Each structure stands twice: as C-alpha cells, then as structure tokens.
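Residue numbers (my numbering), protein chains in the order written: chain F, 1074 to 1248; chain X, 252 to 760.
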Amino acid sequence: MSTSDRTDPAASKGPATYIVDAVVAVIVFFIGAVVIFGSRKLGSEWTSDGPGSGYFPFYIGLIMCISGAGIFYQALFSKKAKRNTNEFVDGEQLKRVLSVLLPAAVYVLAVQFIGLYIASALYIALFMVILGKFSWLKSIGIALCVNVLFFLMFEVWFKVPLFKGAYNMLDFLGY
Amino acid sequence: MDEINSLLQGFAVVLTPMNMLLMVVGIVLGVLIGVLPGLGGANGVAILLPLTFTMTPTSAIIMLSCIYWGALFGGAITSILFNIPGEPWSVATTFDGYPMAQQGRAGEALTAAFTSSFIGAFVAVVMITFLAPLVAKFALKFGPPEFFAVYLLTFCSFVGMGKGSPFKILASMTLGFALASVGMDTVTGQLRLTFGWTELMRGFDFLIAVIGLFGIGEILLSMEEGLAFSGKHAKLDPKVVLATWKKLPQYWMTSVRSSLVGIWMGITPGGATPASFMSYGLAKKMSKDGNKFGTGQIEGVIAPETAAHAAGTSALLPMLALGIPGSPTAAVLLGGLLIWGLQPGPLLFVEQKDFVWGLIASMYLGNLVGLLVVLSTVPLFASILRIPFSIIAPVIIVICAIGAYTVHSAMLDIWFMLLFGIMGYMFKKLDYPLAPLVLALVLGDKAEDSFRQSMLLSQGELGIMYSNYLVGSITTLALILLFWPLISKGLNLIRPAKKDEFEADRPVD
C-alpha cells in the first residue's frame, strides 16, 4: 500500500482544489442557513424573560452564512494567480484514503453488532493481511495481543466497560 | 511571598509515590502519543481522559498534564529524526533539526531540542507561578460583560493572528459554536437544533470532535501521502549530551529571547505555532551565523523549541486563571476539570488551593522528569516509527473508537467520530484551522451564558460592552484583532510591510 509508485498525476484528473473549496463554502453557507432557520423557530427575539433560546445561535448562523459567502467568493473570484488549481486528490491518493476510510466505516458498523473487542480484533487482523500483506499467523497474533491488552486495561484494571454489541459473544467471560 | 509558600505546599501534595508514578506513566504515554502519527496532545489527552474518572482530580490532572508535556517533547523526536513535524509548532524545528540529523548530529540536535524545551517550559512555569494568582485575583472582579469581552478577545485573536483566509477561521469557529448549541439549552431547558432527533439531546461532545478531527483526520492525511518512514538512527550517548550541554550556555540570549516570545504569544490562543516561527525568524536575524540557518545550526533548533514550549505552557495560564484555554489541548484539560466537578476560573485559586498548586508544582516536576525520560528513551521511541503503518493505522483507529465510546458510553459517538474524521481531513486539506472549532465547541455554552447574562443586565443594549474602561478596552482590542486582516491591508497601502520569509511554511492550525 504505502510505497507503491505514484501513477502519473495527469492521467487521472480530479477536481481542482478551488472547486472543492467553493463546494465546501456552499455547505458552510447551507449549515449556517439551517442554524438561522432553527433558531428563528426557537425564538431568536427578546422574550418577556430575556433573550430566547435562539438569540445567540441566530447570530452564529448569520456569521456562518457570511463567512460561507466570503470563502465562496475568495475561491472562485479572487485573482487567477492566487487560485489553487492543483488537483484536490489524485486517483492514487483517493484510493489510499478510501482504503482506510471504507474499512473503518465497516468496522464501526461491525462494532454496532458484535461489540468493540471482537470487531477490533477482526479489523486489525484483516487490515494487516489485506493492506499490509502480512502473514495470517502474524496478523492474528498481533490482533489478539492488542485486544487482550485492551480488555485487561479497560474491563479489569480501570473498570470502564466497553461496548459489547447487540450480540454479545464475550458473555461467557462474565464482564 | 505567598506564592512560594503555596508552591511548597503544592510540592507536598505532589510528592507521593503514587503521583510520581503517574507522572512517569503520563510522560511515557505522552511521548508515545507525540511520536505516533494520528495521535497528538489534544486527542491523546481526550482518549485517556475517561481512564482518570476514578482518580482524585489532583492525581488525574498530574497524569494528564504530564501526557501534555510528553507530547510536546515527542514532537521534537519526529521532527529531527524523520523530518515529520508531529505537531504544527514543531515545523520550525525541522528546518535545522533534520539537516543536523542528516549530518550525523542527531544526538546533539535532540539534546538541544529537549533541553531548550525544558528551559522554555521552566521559564513559563515560573511566570505562571507568580502571574496566575494575580490574574485570578483581578478576574474575581469580572462580571458577565467582562467575561464575554474576554471570550470575544479569545476568538477575535484567532482571526487577527491566524494565517490564511479570515473567513475560514470564522467559519470554523461558528461551526464550533453551532455544534455547541445543539442539545439542551442550559437556561431555558428547551431542546435546540436537534430537529426532532432525541439522540442529539446530549449534544456534540468536544472530546468526540477532538478525537475525530485530529485522530482520524490525521490518519487519513498520512495515508494519502503513502507514508513510509525513513528516519535517521538515534543514539543518545551521555557524552554527546554533556558536550551539548556545555555548548548551550553560549546561546543564552537566544533562549531568553525565545522564552519571552513564547510566553507573550502563548497567553493568546493558538500562539505556539506563530511563536516558534517568530522566534526562529528573530534568531536568524540576530545571530551572527544567520545566513547558515537551515543547514543544521544548533541555534535554529533551540529557538523554535524554547518558544513552542514556553507558549504551550503559558497556554495553561488563561485556562487556570480565567477558565479560557489557549490551545486545543488546554481545552481538553479544561473539559477534564469540568468532568471532575471543578469550576475553572478565578475562584479555583480560592476554593481549590491544593489542586491548583499541586498542578503548578507538577509542572515543575513533570518537565524535569520529562527531560530525563526522553533523554534516556529516545531510541525506543524512534523504533516505534519503524513499525509498519499497516499495523499502526488500524490500532490507532481502534484506540480512537474506544476513546470516543468511553466518553458517554454511546455507540452513536463512534459514528460521529468517523464523520468528524472526514471533516478534519477536508478542513486540513482546504486550510481551515481546527483550533478555533475545538475552542468554540468547548467554550460555546459558557460564552453564550455570559453573553445572555450581559444582555439581561442591559436589557438587550450592546452598549454594555462599553459600560466601563475595563470592558471597553478589552472589547476595543477584540474588535481591532477581528478586523486586523482589513487593517493590515490598509497599512500595507500606506507603507508596504516587510515580507515574512517563513510565511509559506507556517501551517494553519
């Protein structure tokens, strides 16, 4: 994974950074609008007993909208020379990022069902075998060691119970 | 000398075998966190915070603050040996530290870095010892408008001193405030901005945000670069250490100047990174070997490290005395205080004397212990970076998930952590600063409370921000900082400013 040679950046053209910048600015503006809308509904005016619940968030939303608009303007309409036309991520980089992000999402989903310990052991072992090209024996060994250590640390020494999932397969341990 | 007496009492509190053990454990964990990619001071402390819930507050803060010192020391190891700055403020250390390591002078560079870190931190702690009680005493007279003015100053100084687009700083900050306001309103008890989703009643905990933004986000970034660590080997020979120590006193001027820069910049939020760059720039200008900087000058290591540590340590002054943290890590420590049932702020010095002075005493001891620990264990920590990334990455993600879960024992938080991770990755790539977001998330409720209380006092008149000289001058200063990007543009028109040669290298944080 890590040291694989980079593909020619010209071969795979992703969006330029200033485009992504503008898109994120629109999202910021949108979130600001949602905050304004939410606080208007809560009462952003002066009520009989002082400022309403939405009084402060209303201004926060307002500043957020202004800054969203500002970033949008800077990203698209500032001088050409200042504009960051570099590719945001190239194909190879995106692949690498997703190769961590997607398994991480699957891992969190697994935690929901089978709990932190088992999901973590599976995750570390599979990550090492598939992405790190380690042998099965070594991967499973390290995964088990790490999780036994975590189990001892949290359940036994510090008495902080961790999530066991919807289907608790570690029930027999009595923790 | 009241302070000296209180400090001695603090040492009496700290010097128990258990606390000394926690100190060493904290330092070792901290250096480990500082060395590992994806874990840094802020999220490391955030992950380990739940483990301290069963300890007494004094023991807990000793361990956590030692983790902080450890992380500060750890950043220097990766900068010098691997040319990878572990924290934004160690970027300046790589300029001369890595060339020194390439020339086989890694031991010298590391000794200089650690020792000057220690000196910077020491000077800052001495400053805290004498200044913090005074600031706290002064702040006891503060009412809601004064406190809101100080909050305003904190946030405006991000805009005034930060790098990059001021709109991005504002966006990041307001996002933090908006997330902080989600959940139960502390005054009216109304549910806010949950849009009917009852799970959101708890709101967004800043610890989750810190773990996601800094932890997961950093892992994604390191992954993108396809990190293969190729570092220089480090052995710290006691002879090299002694030889370097003999050389250091001739650079006393650099140390003093850098400590002062660090302290000055550290009290204002987000100060450690600009402090390290400013101090490097000053050292380059003032040194007689100035033109050799960047090729492995020992002064180029001393200056940024001293300033960064002095700043990182002084960031605790506003947190202790005013309840306003100066850095994300200080913010996490402040969150810890709240969880242990302590109210940070001026009253802390009156009501929790043992705690405060224990903490200050532990800063002296922790930095000394830290210096000894890092000097003796560098090879061990350097070897950790040689572990393949495909083992480190999943383990760190698992650690982050565990840390996120333990905050509220809520599964949903792990999902939020993942979302914050993606956000952190995008924000880092687009040069949005993350520190204002974290600080706004931590201080959101308190800033809002002080704003509402001031508005209640004045019946909605903003004029209360100018009701007396004190609040008026703080507010004016805040507004100047807020509009500093515009003001400096205006000044540039009249008299073009000198170009800052390190501007491009300074990271946005």
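From the three backbone atoms N, C-alpha and C, an ideal C-beta is built for every residue, glycine too. Computed from a prediction, not measured in an experiment: that's the story for all the values here.
Chain-ordered, the chain X residues with CB closer than 8 Å to the CB of F:Ala1178 read Leu669. For the pair X:Ala558 and X:Gly295, the CB atoms are not nearer than the 8 Å cut-off. In this structure, F:Leu1135 sits away from X:Arg443, with a CB-CB distance that is not shorter than 8 Å.
Distance from the CA of X:Thr628 to the CA of F:Met1242, rounded to the nearest whole angstrom, comes to 40 Å.
Using a C-beta cut-off of 8 Å, the segment 510–520 of chain X makes no contact with the segment 534–545 of chain X, since fewer than three inter-stretch Cβ pairs fall below that distance. For F:Asp1244, no CB of chain X lies under 8 Å from its own CB, so it is not counted at the interface with that chain. The C-alpha of X:Leu585 is placed about 27 Å away from the C-alpha of X:Thr329. DSSP, reduced to helix, strand and coil, places F:Glu1118 outside both helices and strands of the structure shown, so it counts as coil. Between X:Trp448 and chain F, the shortest Cβ-Cβ separation is not below 8 Å.
The bridge partners DSSP lists for X:Glu476 come to none.
Within the DSSP bridge table, the entry for X:Arg443 names X:Gly434 as partners. Considering only X:Pro645, X:Leu728, X:Phe457, the residue with the shortest C-alpha distance to X:Gly695 is X:Phe457. In the three-state reduction of the DSSP assignment, F:Pro1124 falls in the strand class, which pools E and B. With a beta-carbon spacing of about 14 Å, X:Gly517 and X:Ala582 fall beyond the 8 Å limit used to define contacts. Secondary structure at X:Ala357: helix, using DSSP grouped into helix, strand and coil. Judged by their CB atoms, X:Ala686 and X:Pro595 are not nearer to each other than the 8 Å cut-off. By the neighbour-count definition (other C-beta atoms within 10 Å, threshold 16), F:Cys1218 is an exposed residue.
Residue-level contact check: F:Phe1186 does not touch chain X, since none of the beta carbons of chain X fall below 8 Å from its beta carbon. Going by beta carbons, X:Phe606 and X:Pro384 fall outside the 8 Å limit.
Nearest CB-CB separation between F:Ser1140 and chain X: below the 8 Å threshold.
Put simply, of X:Phe702, X:Asn743, X:Met716, X:Ile715 the residue whose alpha carbon is nearest the alpha carbon of F:Gly1127 is X:Phe702. Secondary structure at F:Ala1239: coil, using DSSP grouped into helix, strand and coil. Look at the segment 706–735 of chain X: the residues with a C-beta under 8 Å from a C-beta of chain F are Met706, Leu707, Gly711.
Under the three-pair Cβ rule at 8 Å, the segment 462–471 of chain X counts as touching the segment 281–301 of chain X. Buried is the label assigned to X:Trp608, since at least 16 other Cβ atoms lie within 10 Å of its Cβ.
A straight line joining the alpha-carbon of X:Gly654 with that of X:Leu258 spans about 34 Å.
In this structure, the alpha-carbon of X:Val433 lies about 6 Å from that of X:Thr445. Taking a contact to require three or more Cβ pairs closer than 8 Å, the segment 658–671 of chain X and the segment 1207–1218 of chain F do not qualify as touching. Counting C-beta atoms within 10 angstroms of its own C-beta, X:Tyr349 has 16 or more neighbours from the protein chains shown and is therefore classed as buried. In this structure, X:Thr657 keeps its C-beta atom at 8 Å or more from the C-beta atom of X:Leu403.
Excluding the 5 residues flanking it on each side, F:Gly1141 has same chain C-beta neighbours closer than 6 Å at Ala1098, Val1101, Phe1102, Gly1105, in chain order. Taking C-beta atoms as the reference points, X:Ile459 and X:Phe671 count as a pair closer than 8 Å. Contact annotation: X:Met474 and F:Val1170 have beta-carbon atoms nearer than 8 Å. Excluding the 5 residues flanking it on each side, X:Phe365 has same chain C-beta neighbours closer than 7 Å at Phe324, Ala327, Leu622, Val625, Leu626, in chain order.
Unbroken alpha helix (DSSP H) stretches of 4 residues or longer found wholly inside the segment 393–433 of chain X: 395–412, 417–432, given in chain order. The residue among X:Leu732, X:Gly723, X:Leu598, X:Asp756 with its C-alpha nearest the C-alpha of X:Phe399 is X:Gly723.
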